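Enquirer: Would you mind keeping the following structure in view while I ask a few things?
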Ligand code: HDD
Ligand code: HEM
Ligand code: HEM
């Protein structure tokens with residue numbers, strides 16, 4: 001494998017990890033808002049109990065993604081910056097509001113309702129905005145003027161493909177977070193919260209498939225190349241579909257102790273489903289970062305830096321893995337935390 | 341304003357905002373460690389209460405430190421693509437390694453806060469030490485990138501093309517050690533003085549309960565000791581930083597001191613306004629020979645003046661004032677903290693009101709020192725983003741609609757500042773020290 005393929009593979013892994021963690025994180029924030037008002041139902045509690053210790057860690061994955069991208073693909077920056085400044089700045093603004101207000105809603109009981117609403121709604125908007133970057137990379141919405149790329153904003157805002165992507169992003173976020181929280185509630189042995197999140201997952205699951213198909217169908221004429229490539233890569237999407245069907249059915253399997261559904265199996269299979277599909281999509285996207293203006297190879301850094309970065313990642317992963325495991329045991333396994 | 345200036349304003353103000361929370365994030369964990377350790381040595385539950393309350397304050401501040409850091413991190417990539425193009429090839433390592441530091445801090449912070457009741461006492465101390473290591477390492481690593489911008493090494497630059505890259509030579513560039521030390525020490529001192537300010541303010545309250553007064557006095561004493569030692573160390577090390585400028589960035593030192601003519605036995609000017617026409621500092625106090633001594637430890641050291649350099653490469657001249665502010669505030673803080681401690685040890689009496697009133701100012705003063713220091717360091721590097729390699733205008737993005745974003749972000753920072761103060765105030769109002777102290781007594 002060439003340096004640049006390995007580089008883009010690592011970036012893909014980070015994008016995927018952040019999409020999953022981010023969806024769960026933002027989704028949990030949204031559900032915590034939705035169920036906040038209802039007395040006696042602990043669905044909001046479960047969401048908050050997951051969020052309190054984890055949101056910082058999730059946020060670091062976002063920073064990791066940006067820093068790794070700039071590290072591996074520094075030459076892509078001059079072209080990309082003018083394209084991304086506005087949408088990404090808006091994401092940053094919302095992200096700052098959401099993180100701050102979420103932390104504060106746990107600190108100050110006086111302002112809880114207002115703070116929660118802000119953190120819940122921004123949690124829905126951020127993934128939506130982030131996913132709109134995808135159609136832009138596929139061609140048809142950018143124009144090259146003296147070495148810099150610019151978005152054709154009006155054209156983008158009036159395109160079907162944008163809204164299809166948006167629907168897909170939001171549905172996926174809500175689905176993933178609901179399945180995950182169902183599993184978390186199962187771990188905490190909270191039947192009431194489990195019932196609610198399982199219901200939501202069962203309802204939204206098919207919607208994600210539908211919006212996903214829509215996003216593929218509603219591609220811009222100039223983006224037809226990726227549809228063709230995705231057809232060539234059909235095997236990944238087929239496997240992904242199977243993984244979804246089995247994972248979704250796991251919500252009806254008979255669990256131990258009279259629970260309907262085995263949410264752990266559902267979560268794992270659904271994450272695999274997204275992994276397979278996004279790998280298929282990602283390999284169809286190659287070699288372009290932005291079709292047809294920017295390829296992976298054009299953006300890539302030099303060999304010496306690449307090797308140092310790789311060593312850096314290997315060492316840091318080895319150092320951090322034990323801490324992550326301890327963290328997992330304390331907040332995702334320990335009954336004393338889950339069931340106070 | 342053209343887009344380069346807008347990019348500078350947007351980035352500079354975002355940094356100035358982040359740095360408030362980030363510096364406290366570096367300083368407060370040290371105070372928390374000190375309190376936790378003292379609790380174990382002295383078995384005085386007041387220190388446990390301090391650690392707990394400071395941790396709450398710290399957790400509130402992190403709610404802004406992390407998103408504002410995310411903002412500057414991403415903005416750096418978007419607003420300065422030309423700069424990032426070189427950074428990515430030469431000095432990507434500290435940015436990457438910094439990610440571990442963030443992970444360390446975020447993981448252990450959650451463990452320390454949300455798993456405290458399930459940890460053994462020594463595990464709590466280990467966790468909070470890792471929080472502090474993570475925070476300090478974040479500061480040191482980002483400062484590494486900043487130091488490299490001042491003294492770039494580890495590559496060959498010819499006709500706009502980078503070659504022969506040596507990533508580790510870039511990491512260990514000549515100004516790294518002194519600069520990183522300076523940033524870490526000034527961060528520790530700021531954390532301590534922030535605590536001192538609040539303790540002094542509480543002690544000034546009329547009719548304060550004696551039990552509470554005793555608690556705040558212990559906090560104030562601890563903060564003054566740490567703050568005093570750190571401010572002294574900051575000043576000594578700052579002297580080293582200035583000598584580093586003399587060797588590697590003489591324009592910056594000349595602008596900081598408003599020196600126009602190259603000379604031995606150069607005088608040090610404090611205050612005043614640098615006047616380009618008259619080639620002197622107007623209205624400042626001049627100490628003969630002092631600058632030469634500061635720059636090279638001997639009075640006959642030759643210090644380069646601004647006229648040595650082409651006019652278009654001069655830094656802006658207002659940086660003289662920023663530099664003065666930092667140094668004066670640092671010197672005052674040394675006097676204030678040691679003055680109060682000596683008074684305390686000699687007289688064995690509580691500090692008089694006027695002293696408490698000045699100590700109340702120590703936290704804000706320290707933060708102003710941080711702000712002026714950073715703005716000095718970034719502005720006095722102008723017109724270069726990477727010293728003698730890349731000009732700021734070549735580093736900037738070509739995006740044109742930054743004006744609206746600038747207004748939006750300023751609005752965001754004002755809003756977050758107000759909400760933070762409101763939440764801090766309401767949290768500590770609802771959970772007064774007296775209640776925590778009573779709870780501790782019952783528990784004990
Ligand atoms: C409370 C904060 C504080 C205090 C009291 C001081 N400093 Fe400082 N100084 C900083 C906080 C700071 C800083 C914010 O951390 C800077 C900005 C960039 C950097 O590396 O550190 C800095 C930069 C900085 C620089 C520029 C380095 C560069 O541009 O590369 C010099 C020469 C000094 N300092 C020297 C001093 C001296 C002689 C002091 C004597 C008392 C002093 N500082 C006190
Ligand atoms: C000397 C100045 C700086 C200091 C002392 C400092 C320190 C800190 C600290 C203590 C945090 C909280 C870390 C955590 O809990 O995870 C933080 C967050 C952050 N800082 Fe800064 N920082 C400085 C400048 C910068 C600059 C210039 C950048 C960008 C290039 C930056 C990028 C970030 C990012 C991305 C985060 C968020 C990390 C997260 O998601 O947890 N910082 N910084
Ligand atoms: C943390 C406190 C900091 C503050 C308050 C600060 C402030 C500023 C200001 C005011 C400017 C605009 C300067 C001008 O155009 O006159 C600027 C520029 C800049 N700073 Fe800093 N800075 C800080 C730290 C850093 C660090 C740690 C880095 C390095 C990673 C950094 C990198 C830059 C870059 C790349 C620019 C734009 C290019 C330039 O103007 O040279 N800054 N900063």
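Chains as they are written, first to last, in my numbering: chain H, 1 to 340; chain P, 341 to 784. Idealized CB from N, CA, C, for every residue including glycine. These numbers come from a predicted model, not from an experiment.
Within 8 angstroms, do at least three Cβ pairs link the segment 480 to 496 of chain P to the segment 278 to 294 of chain H?
Expert: No, because fewer than three Cβ pairs between the segment 278 to 294 of chain H and the segment 480 to 496 of chain P fall closer than 8 angstroms, the two stretches do not touch.
Enquirer: In whole angstroms, give me the CA-to-CA distance for residue 281 (chain H) and residue 237 (chain H).
Expert: When rounded, the distance between both Cα atoms is 9 angstroms.
Enquirer: So what's residue 724 (chain P) in DSSP terms, helix, strand or just coil?
Expert: The answer is strand: DSSP assigns residue 724 (chain P) an E or B state.
Enquirer: Hey, out of P:432, P:660, P:576 and P:627, whose CA is closest to residue 712 (chain P)'s CA?
Expert: Among P:432, P:660, P:576 and P:627, the Cα nearest to that of residue 712 (chain P) belongs to P:660.
Enquirer: What residues from chain H crowd round residue 435 (chain P), counting only those whose CB sits closer than 7 angstroms?
Expert: Per Cβ cutoff of 7 angstroms: 67 and 71.
Enquirer: Among all the DSSP beta bridges, which residues are the ones paired with residue 150 (chain H)?
Expert: Answer is H:143, bridged to residue 150 (chain H).
Enquirer: What three-state label does DSSP hand residue 86 (chain H) in the structure shown?
Expert: Helix, per DSSP.
Enquirer: Considering only residues of the same chain and omitting the five flanking positions on each side of residue 358 (chain H), which have a CB-CB separation below 7 angstroms?
Expert: The requested residue 358 (chain H) is not part of the displayed model; chain H covers only 1 to 340.
Enquirer: For residue 678 (chain P), which of helix, strand or coil comes out of DSSP?
Expert: Three-state DSSP puts residue 678 (chain P) in a helix.
Enquirer: Identify the contact partners of residue 122 (chain H) in chain P, using a Cβ-Cβ distance below 7 angstroms as the criterion.
Expert: Neighbours of residue 122 (chain H) on chain P: none; closest Cβ ~11 angstroms, over 7 angstroms.
Enquirer: Measure from the C-beta of residue 389 (chain P) to each C-beta in chain H and report whether the shortest distance is under 8 angstroms.
Expert: So, not an interface residue.
Enquirer: If you measure beta-carbon to beta-carbon, which residues of the segment 48 to 65 of chain H are closer than 8 angstroms to chain P?
Expert: Result list: 52, 53, 54, 56, 57, 59, 60, 62, 63 and 64.
Enquirer: State yes or no: is the beta carbon of residue 283 (chain H) nearer than 8 angstroms to at least one beta carbon in chain P?
Expert: Cβ-Cβ to chain P under 8 angstroms: no for residue 283 (chain H).
Enquirer: State the Cα-Cα distance for the pair residue 509 (chain P) and residue 354 (chain P), rounded to the nearest angstrom.
Expert: Their backbone Cα atoms lie some 30 angstroms apart in a straight line.
Enquirer: Spell out whether any CB of chain P is found under 8 angstroms from the CB atom of residue 100 (chain H).
Expert: Taking Cβ atoms only, chain P reaches closer than 8 angstroms to residue 100 (chain H), which makes this a yes.
Enquirer: If you run the structure through DSSP and keep just helix, strand and coil, what is residue 498 (chain P)?
Expert: Three-state result, residue 498 (chain P): strand.
Enquirer: Determine, using beta carbons only, whether residue 130 (chain H) and residue 67 (chain H) come nearer to each other than 8 angstroms.
Expert: No, they are not a contact pair.
Enquirer: From which residue to which residue does the alpha helix (DSSP H) around residue 414 (chain P) run?
Expert: Where residue 414 (chain P) is concerned, the enclosing alpha helix (DSSP H) stretches over 385 to 419.
Enquirer: For residue 71 (chain H) and residue 739 (chain P), what's the separation of their Cα atoms in angstroms?
Expert: If I take the Cα positions, the gap works out to 22 angstroms.
Enquirer: Check whether chain H comes within 8 angstroms of residue 784 (chain P), counting only Cβ atoms and requiring the distance to be less than that.
Expert: Confidence in residue 784 (chain P) is poor, its pLDDT being 44 and thus under 50, which makes the residue's placement unreliable; the coordinate value appears in the next sentence. Chain H, which has no Cβ nearer than 8 angstroms to the Cβ of residue 784 (chain P), makes this no.
Enquirer: What's the call for residue 32 (chain H), buried or exposed, on a 16-neighbour Cβ count within 10 Å?
Expert: That one is buried.
Enquirer: DSSP three-state label for residue 323 (chain H), please.
Expert: In this structure, residue 323 (chain H) counts as helix in the three-state DSSP scheme.
Enquirer: Taking only the alpha-carbon atoms, compute the straight-line gap between residue 155 (chain H) and residue 484 (chain P) and give it to the nearest angstrom.
Expert: Rounded to whole angstroms, residue 155 (chain H) to residue 484 (chain P) spans 43 angstroms at the Cα level.
Enquirer: For the segment 590 to 603 of chain P, which residues have a beta carbon sitting closer than 9 angstroms to at least one beta carbon of chain H?
Expert: Taking 9 angstroms as the Cβ-Cβ cut-off against chain H, none of the residues of the segment 590 to 603 of chain P qualify.
Enquirer: Give me, in chain order, the residues of the same chain whose beta-carbon lies closer than 8 angstroms to that of residue 377 (chain P); leave out the 5 immediate sequence neighbours on both sides.
Expert: Counting only Cβ-Cβ distances below 8 angstroms, and skipping sequence neighbours, we find 465.
Enquirer: With 16 other CB atoms within 10 Å as the buried threshold, where does residue 784 (chain P) fall?
Expert: Residue confidence for residue 784 (chain P) is low, a pLDDT of 44 falling below 50, so the modelled location carries little weight; the figure read from the coordinates is stated next. Its Cβ having fewer than 16 others within 10 Å, residue 784 (chain P) is exposed.
Enquirer: By DSSP, does residue 784 (chain P) sit in helix, in strand, or in coil?
Expert: Only weak support exists for where residue 784 (chain P) lies, its pLDDT of 44 falling under 50; the coordinates are left without a value.
Enquirer: Which residue wins for smallest C-alpha separation from residue 277 (chain H), given the options H:34, H:20 and H:7?
Expert: Residue H:20 is the option with its Cα nearest to residue 277 (chain H).
Enquirer: Around the C-beta of residue 623 (chain P), are 16 or more other C-beta atoms found within 10 angstroms, so that it is buried, or is it exposed?
Expert: Residue 623 (chain P) should be labelled exposed.
Enquirer: Which class does residue 295 (chain H) belong to by DSSP, given the choice of helix, strand or coil?
Expert: Reduced to three states, the DSSP call for residue 295 (chain H) is strand.
Enquirer: Show which residues of chain H have a CB atom less than 7 angstroms away from the CB atom of residue 407 (chain P).
Expert: Ordered by position in chain H, the residues that pass the 7 angstroms Cβ test against residue 407 (chain P) are 95, 96, 99 and 100.
Enquirer: When DSSP labels each residue in this structure, what does residue 45 (chain H) get in the three-state scheme?
Expert: Helix at residue 45 (chain H).
Enquirer: Within the continuous beta strand (DSSP E) that includes residue 464 (chain P), where are the two ends?
Expert: No beta strand (DSSP E) contains residue 464 (chain P), which is instead part of the alpha helix (DSSP H) from 461 to 490.
Enquirer: State the DSSP-derived secondary structure class of residue 254 (chain H), mapped to helix, strand or coil.
Expert: Of the three classes helix, strand and coil, the one that applies to residue 254 (chain H) here is strand, per DSSP.
Enquirer: Measure the C-alpha to C-alpha separation of residue 362 (chain P) and residue 708 (chain P) and round it to an integer number of angstroms.
Expert: Residue 362 (chain P) and residue 708 (chain P): Cα-Cα distance of roughly 14 angstroms.
Enquirer: Distance check for residue 719 (chain P) and residue 775 (chain P), CA to CA, integer angstroms please.
Expert: Computed Cα separation, rounded: 47 angstroms.
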